[in-house]
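Take a look at the structure below.
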Amino acid sequence: MTTVRTQDRLLPASVMTFSPNPTAGEMTVQIDLKNATQARMTITDLTGKIMYLRNFDALQNESIQMDLGEYPNGTYLVRLVTENGARTWKVVVQR
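Heads up, the sequence shown is in my numbering, so the first residue is 3 and it goes up one at a time.
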């Protein structure tokens with residue numbers, strides 16, 4: 003896995019979308035990268051606790067069904083790190 007430093011490239015916001023957001027639990031994560039790449043996706047709470055971690059060998063276009071129903075209400079940070087850059091998005095769990 004390639005390490006991305008803060009001065010490295012920021013991925014476009016459109017690379018990953020979440021539906022619905024806010025979510026009561028079930029959520030679809032749509033990933034759309036130009037080229038297949040190694041990647042890591044993490045979901046953390048606002049204290050930095052890792053709630054979810056997934057590594058990809060060749061991520062490009064993927065639709066991931068996730069269930070955040072066991073997560074407490076609140077805001078979570080979803081971070082995607084690839085060989086080409088990184089970006090963080092906010093996801094809200096609200097019931």
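Beta carbons: idealized from backbone N, C-alpha and C, even for Gly.
Classification of residue i by the beta-carbon crowding that lies within 10 angstroms, buried from 16 upward
{"i": "TYR78", "result": "buried"}
{"i": "THR25", "result": "buried"}
{"i": "LEU48", "result": "exposed"}
{"i": "LEU12", "result": "exposed"}
{"i": "ALA88", "result": "buried"}
Beta-carbon proximity list for residue i, same chain, < 7 Å, skipping 5 on both sides
{"i": "PHE58", "result": "GLN40 and ALA41"}
{"i": "ARG97", "result": "ALA26 and ASN75"}
{"i": "SER65", "result": "THR30 and GLN32"}
Close beta carbons around residue i, own chain, < 6 Å, minus the five adjacent residues each side
{"i": "ARG81", "result": "THR44 and THR90"}
{"i": "ARG56", "result": "MET43"}
Beta strand (DSSP E) segment containing residue i, residue limits
{"i": "THR36", "result": "Note on residue identity: the sequence assigns Lys, not Thr, to residue 36. First-last of the beta strand (DSSP E) with LYS36: 28-47."}
{"i": "SER21", "result": "18-21"}
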